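See below for the structure under consideration.
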Amino acid sequence: MAGRPILEVENLELGYGSLKVVFGVSLHVDEGELVGLVGGNGSGKSTILRAISGMIAPWSGRIVFDGEEISAVRPHHMAEKGLAHVPMGRQLFPNMTVEDNLMLGAYLPRARAERDRNLKRVYDLFPDLVAFANAKAAQLSGGQQQMVAIARALMLGPKMLIMDEPSIGLSPLLVKEVMAAIRRVAETGLPILLVEQNVKQVLNVSHRVYVLENGRLVLDGPSAELQGHPMIRKAYLGL
Ligand SMILES: Nc1ncnc2c1ncn2[C@@H]1O[C@H](COP(=O)(O)OP(=O)(O)O)[C@@H](O)[C@H]1O
Ligand SMILES: [Mg+2]
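Numbering (the numbering used here), first residue to last: 87 to 325.
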């Protein structure tokens with residue numbers, strides 16, 4: 087059901103101070119797609135996500151979201167336009183209840199009016215969270231906390247979701263659960279850019295994957311094809 091691009095990144099270059107860490111990266115995510123951006127630690131994944139979210143400015147290149155070029159560093163503007171970012175490490179408020187954490191995802195005007203409807207939708211999507219609505223976030227398992235972080239992002243009523251390493255720090259069993267949850271979200275039709283070091287899991291759930299090494303894309307294609315690619319098998323799947 088892929089269609090027109092919701093996100094287009096063209097020839098992106100950026101870094102920190104005088105250190106360039108992203109070299110001419112071009113990628114796109116189309117309507118209805120779950121796209122992986124995978125690479126090792128320090129390869130530049132989070133830096134690319136920060137540029138897409140409007141947190142740091144590109145040195146050169148173009149980022150177009152929903153037909154509009156991102157021209158200034160204004161993260162709230164990107165959220166207001168419908169881009170939701172699930173940050174690395176989840177960043178929940180541990181002493182607040184699950185439901186209050188979810189409500190924080192709906193503070194922008196675009197989300198406030200739809201808050202009750204979106205809350206019902208996220209509970210439908212993550213039924214396990216219903217029983218924990220009034221529990222403090224800290225009482226949940228790491229996997230459940232990741233579900234809350236994703237659900238909070240959905241409270242924006244976004245047009246697209248970007249996620250930074252949702253599987254980090256989770257046991258293999260919980261990684262599988264979180265990946266299945268991400269797949270469920272994608273099946274609602276929401277386009278997703280999933281950033282991960284866990285190449286195997288991403289290949290299992292995504293439609294397409296881009297592989298980043300030292301700030302450069304070295305390979306991309308449909309996940310089903312890349313699963314058998316010699317470079318992927320050798321470098322990432324240990325085969
Ligand atoms: N705030 C920062 N200041 C300076 N260098 C940074 C900063 N954040 C990341 N870097 C550097 O940029 C490179 C890419 O980092 P990052 O985008 O976080 O990679 P990844 O998310 O793939 O692990 C790394 O060499 C890292 O040390
Ligand atoms: Mg990172």
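Note that CB positions come from ideal geometry on N, CA and C, so glycine has one too. All values derive from a computational prediction rather than experimental measurement.
Item: Any heavy atom of ligand 2 closer than 6 Å to the Cβ of residue 245?; Value: no
Item: Is residue 87 helix, strand or coil by DSSP?; Value: The pLDDT assigned to residue 87 is 46, lower than 50, so where the model puts this residue is not dependable, and the model offers no usable value.
Item: Relative to ligand 2, is the shortest distance from any of its heavy atoms to the C-beta of residue 131 smaller than 6 Å?; Value: yes
Item: Can you name the start and end residues of the alpha helix (DSSP H) that residue 262 belongs to?; Value: 258-273
Item: Between the beta-carbon of residue 140 and the beta-carbon of residue 164, is there less than 7 Å?; Value: yes
Item: Could you compute how far the alpha carbon of residue 147 sits from the alpha carbon of residue 109?; Value: 10 Å
Item: Could you give the distance in angstroms between the alpha-carbon of residue 212 and the alpha-carbon of residue 279?; Value: 20 Å
Item: Is residue 127 close to ligand 1? I mean its beta-carbon at under 6 Å from any heavy atom of the ligand.; Value: yes
Item: With a CB to CB cut of under 6 Å and the five nearest residues on each side skipped, what residues in its chain are close to residue 87?; Value: Because residue 87 sits at a pLDDT of 46, beneath the cut-off of 50, its placement in the model cannot be relied upon, and the following sentence gives the value as read from the coordinates. Here the set comprises 118.
Item: Inspect the beta-carbon positions of residue 294 and residue 308 and report whether they are closer than 7 Å.; Value: yes
Item: Using the beta-carbon count (16 or more within 10 Å), is residue 129 buried or exposed?; Value: buried
Item: Would residue 113 and residue 144 qualify as a contact pair, given that the criterion is a beta-carbon distance under 7 Å?; Value: no
Item: Hey, is the stretch 261-278 in contact with the stretch 230-238, meaning 3+ C-beta pairs nearer than 8 Å?; Value: yes
Item: Look at the alpha carbon of residue 115 and the alpha carbon of residue 124, and state the distance between them as a whole number of angstroms.; Value: 14 Å
Item: State buried or exposed for residue 285, treating a residue as buried only when at least 16 other CB atoms are found within 10 Å of its CB.; Value: buried
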